[in-house]
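Residue numbers (our numbering): 3 to 81.
Below, the structure is given as structure tokens:
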């Protein structure tokens, strides 16, 4: 049986935020570093995963309708 795979499109939301003195903020590379520290994600029976980090990272609560429209134009098709 072929091993499954997961694609994560990280745009800057909660899953990859890091605590700061101003609350939680999106930080480039933080999600990848945290997953690397979690052995349960690297067990042989687990699917492979690829994380595509978008630039600039933006918390969705800070995005405007124009930001969402620009994101959709840049990445029109799901992978």
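No residue lacks a Cβ here, since even glycine has one placed at the ideal position from N, Cα and C.
In this structure the region 20–39 does not touch the region 68–78; the number of beta carbon pairs closer than 8 Å is below three. With 16 or more other CB atoms across the displayed protein chains lying within 10 angstroms of its CB, residue 13 is buried.
Where residue 21 is concerned, the enclosing beta strand (DSSP E) starts and stops at 19–22.
About 6 Å separates the beta carbon of residue 30 from that of residue 59, a gap short enough to meet the 8 Å contact definition. Ranked by Cα distance from residue 9, the first of 24, 65, 54 and 71 is 54. The C-alpha of residue 15 lies about 31 Å from the C-alpha of residue 4.
Assignment of beta-bridge partners to residue 55 by DSSP yields 12.
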